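Q: Throughout the sequence shown, residue numbering follows my numbering, covering 225 to 406 in sequence. In this text, a Cβ means the ideal position worked out from N, Cα and C, and glycines have one as well. It should be emphasised that the depicted structure is a prediction, and the values quoted were computed from it without experimental measurement.
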Amino acid sequence: MARLRSKKLCSVDKANVLASSQLWREVVEEVAKDYPDVELSHMYVDNAAMQLVRAPKQFDVIVTDNMFGDILSDQASMLTGSIGMLPSASLNEQNNGMYEPCHGSAPDIAGQGIANPLATILSVSMMLRYSFGEAAAADAIEQAVSQVLDQGLRTGDIMAEGCRKVGTQEMGDAVVAALKNL
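1. Over the uninterrupted alpha helix (DSSP H) stretch that includes L264, give me the two end residues.
2. In this structure, does DSSP put R249 in helix, strand or coil?
3. By Cβ distance, which residues of its chain are closer than 6 Å to T392, with the 5 residues on each side in sequence left out?
4. Could you have a look at I286 and say whether DSSP puts it in helix, strand or coil?
5. Less than 7 Å between C-beta atoms, sequence neighbours within five positions excluded: which residues of the same chain meet that for A343?
6. By the 10 Å Cβ neighbour count, where 16 or more other Cβ atoms means buried, how is K238 classified, buried or exposed?
7. Using 10 angstroms around the beta-carbon of F283, count the other beta-carbons present and answer buried if the total reaches 16, otherwise exposed.
8. What number of angstroms, rounded off, separates the C-alpha of V251 from the C-alpha of G376?
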């Protein structure tokens, strides 16, 4: 994925304390030799958590284990204002992957019409871009989402003064309508 973006990869671990992270770092260094065009850096997870808040733009692609990834992705989601805005992907070497909203299925609010569908929609955009090579379709979805947000539509989790609160269905329908008008 880093090759498709800015060619910067940050590996996050806790190699100063955990033997498993020391092995992680060794493996990452070995794999990195196959990608000399990608700039690799390492960061301890506690520093990465702080840096995500302090200067998030320094990161492009982060690779880490599942536990650290779960923690960092939830923290990073708040940079967007809500965990309901953050798509996620778990990819293999061939860019096949599992795409989902960072928040998972949110069973506690299922069927209430209050879930923010944008992370799911943006996860589809990521799938199109990274697994299927359909950058134009991914760009269109992202543009449609931006247009809907620019129109002031908001689900409850991202509601702000001067905006109009909508439910799951209306937000999804608005993105589809914007996509059709591109």
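A: In short, the structure shows the following:
1. Here the question's residue 264 lines up with position 40 in the sequence shown. First-last for L264: E263 to Y268, but that is the beta strand (DSSP E), not the alpha helix (DSSP H).
2. The residue given as residue 249 occupies position 25 in the sequence shown. Of the three classes helix, strand and coil, the one that applies to R249 here is helix, per DSSP.
3. Position 168 of the sequence shown holds residue 392. Correct list, in chain order: G337, A339 and P341.
4. On the sequence shown, residue 286 is found 62 positions in, with the first residue counted as 1. Note: I286 maps to strand in three-state DSSP.
5. Walking along the sequence shown from the start, residue 343 turns up at place 119. The answer, listed in chain order, is G308, M309, L310, P311, P325, C326 and H327.
6. Here residue 238 refers to the residue found at position 14 when the sequence shown is read from its first residue. Classification of K238: buried, given that the 10 Å Cβ count is 16 or more.
7. The count along the sequence shown starts at 1 and reaches residue 283 at position 59. With 16 or more Cβ atoms within 10 Å of its Cβ, F283 is classed as buried.
8. As a first step, residue 251 is located in the sequence shown; it is residue number 27 there, counting from the start. As a first step, residue 376 is located in the sequence shown; it is residue number 152 there, counting from the start. Going from the Cα of V251 to the Cα of G376 covers about 46 Å.
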